[in-house]
Amino acid sequence: FQADRTLSENEGNFIDLLPLEKKQVLYKITTVTNSADESATDSGVFMIIYGDNDRTKQFQLITTEQDPETFFQKGNTDNFEFNLDDVGEIRKINVRLDGKGFHPIWHLDTVRIQKGSEIYKYN
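See below:
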């Protein structure tokens, strides 16, 4: 924590300090799309991971190693890896669509997140 600030009654007698660098960890994220008709989406899918210490910034579920048009198709299991800020123990996730594309709805069955040896599953 770097402050380099003078604390006084006239200038405010407190300061909030944040770490200069946050610890990054690898999150392995798996999504499973339902196998029913009309389950797929071509919208952008975004996520925020909330933990007991912090939350990630919103990020898009996409990789450069796979054609984006193959993601989130009927019955698909899609895998993603991201190095993100360590949020501590995961408490909840937020998944959202950007509503763009020809089919801006999605029937998501399951999300699985592995962080180190910890595995979290959401239905």
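Position one of the sequence shown corresponds to residue 1 (the UniProt record's numbering), numbered consecutively onward. Idealized CB from N, CA, C, for every residue including glycine. Predicted model, so just to flag it, every value in this text is computed and none were measured.
Taking 9 Å as the cut-off, decide whether the C-beta atoms of residue i and residue j are in contact.
i	j	result
residue 41	residue 113	no
residue 28	residue 54	no
residue 52	residue 95	no
residue 83	residue 24	yes
residue 50	residue 15	no
residue 63	residue 89	no
residue 46	residue 7	no
If I follow the unbroken beta strand (DSSP E) through residue i, where does it start and stop?
i	result
residue 54	Neither: residue 54 is in no beta strand (DSSP E) and is coded neither H nor E.
residue 95	90-97
residue 29	24-33
For the putative contact between residue i and residue j, defined by C-beta atoms under 8 Å, what is the C-beta separation to the nearest angstrom?
i	j	result
residue 72	residue 33	5 Å
residue 100	residue 43	5 Å
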